[in-house]
Structures are given as C-alpha cells and as structure tokens.
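Trainee: One structure follows; several queries about it will come next.
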Amino acid sequence: MMHTALRAGIAAVLLALVALPPARGWLEGSMGLHMLVQFPLLALAGWLLARALPHRWRTRLDAWNAHGIAGLLFVALTMALLMIPRLLDLALADLRIDAAKMTAVVLAGAALQLSWTRAGKLVQGFFLGNVLPMTAAVGQLFQDTPLRLCNAYLLDDQDRVGTALVALALLAGAAWLADLLRTVARDRGPQVLPGA
282 MMHTALRAGI AAVLLALVAL PPARGWLEGS MGLHMLVQFP LLALAGWLLA RALPHRWRTR
342 LDAWNAHGIA GLLFVALTMA LLMIPRLLDL ALADLRIDAA KMTAVVLAGA ALQLSWTRAG
402 KLVQGFFLGN VLPMTAAVGQ LFQDTPLRLC NAYLLDDQDR VGTALVALAL LAGAAWLADL
462 LRTVARDRGP QVLPGA
C-alpha cells in the first residue's frame, strides 16, 4: 500500500512540475526539451500512475488489453502524432491542444506500463520494429531537411533533436535485443551466450 501511495505521489508531483506555467514555458522553450525531456517526464508520470492503480482496475483494463496489444497500439499512435511538427506548433499556440498533448503522453505512459510485460517478447519486438524505425526516420528527416519543420523552433534545435531521435532509436533497439538475448540465454542455458 505504501509503494502505491508513493508512486501516485511521485506521479502527481511530476505532473504538477511539468504542467505548471514556469516549468512548461521552460520545457517548451526549445524543441529538445519539449520532445526529449517533457514527453518522457509525462510518460513516466503515467507509468507511475498505472503502477499505483488498484488491482481491480488493472484487472478490468487487462480485459481490454489482451497480450498488451491495445495499449501498445495506443502508445505507437500517440508517438506518431507527437512527431508531427505542426502538432508541436499548435500545442505552443493553444492551451487546449497543449493540455490534450500532455494528457495523451500521460495516458501513453500508463498504457506502456500496463502492456509491456503482458506483451511478451514477440509483441514487444513487433511494436519496437514499427516504432523505432519511425522514430529514426523522423529524426533523419529533422536532420536532412533545410527547412524549419516547427515554426516555433530554430533549425539548429531541430537538427539536434533529429540526431537525438536517431540515437535513441538505436539505443532502445540495442537494449531490447540485449535483454532478449539474456532471456534466451537464461531459458536455454549458458551455451547460447558464452560467458553470460
């Protein structure tokens, strides 16, 4: 019970810090902070909130989330939408769109927490096999285009975010593959990975 309350408390503090005008203005002041700091903090808050859900709520949600597919689909769609530069511009110009963006990222973090373990390695691989190339492609587009894709942010900031998105996609893929190999080695024995 204490862990549940602590998780919910940390999530509430994170949400308050990220959503309050001074922090929001600072985080949304650069494309890098907006996409690479604010989004993960909001997703982390959602993750913690989902961990704090009572068991009966989780059971009800699980009925709609067989093998984690529905939750991971929501995460993939949310990520795809949030990589559209025009949406970032609209979120900066309209508080309602910014609130919807924040809500979507929090819900995506919650969906990821509720879905990841249930998905198993096969569904996780399918999810990452779609999301990570999309992330890398958007990152490459941010780097290659000579035009500002977001009117609110400078071209240099766009280029840095593009580089970071490509790097994050590669690192996330490598981390998942390493975890998969560890799992296979553990399940089949040490002969699969010498020295593991």
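So for the sequence shown, the numbering used here puts the first residue at 282; every next one is plus one. Idealized CB from N, CA, C, for every residue including glycine.
1) Report the residue ranges of all alpha helix (DSSP H) runs contained in full by the region 310 to 374; include only those spanning at least 4 residues, in chain order.
2) Given that a residue counts as buried once 16 or more other Cβ atoms are within 10 Å of its Cβ, and exposed if not, what is ASN346?
3) Would you kindly check if the distance between the Cβ of ARG332 and the Cβ of ARG288 is under 8 Å?
4) Do MET383 and LEU323 have their C-beta atoms within less than 8 Å of each other?
5) Provide the residue span of the alpha helix (DSSP H) that contains ALA400, from first to last.
6) For the putative contact between GLY349 and VAL404, defined by C-beta atoms under 8 Å, what is the C-beta separation to the nearest angstrom?
7) Pairs of beta-carbons, one from the region 446 to 460 and one from the region 408 to 425, closer than 8 Å: are there three or more?
8) What are the boundary residues of the alpha helix (DSSP H) that includes LEU452?
Mentor: In short, the structure shows the following:
1) The region 310 to 374 is shown to contain whole alpha helix (DSSP H) runs of 4 or more residues at 320 to 332, 336 to 344, 350 to 363, 366 to 374, in chain order.
2) So ASN346 ends up on the buried side.
3) Remark: C-beta atoms of ARG288 and ARG332 approach each other more closely than 8 Å.
4) Going by C-beta atoms, MET383 is nearer than 8 Å to LEU323.
5) Where ALA400 is concerned, the enclosing alpha helix (DSSP H) starts and stops at 376 to 425.
6) VAL404 and GLY349 do touch by the CB rule: their CB atoms are close to 6 Å apart, below 8 Å.
7) The region 446 to 460 vs the region 408 to 425: in contact.
8) For LEU452, the uninterrupted alpha helix (DSSP H) run begins and ends at 436 to 469, by DSSP.
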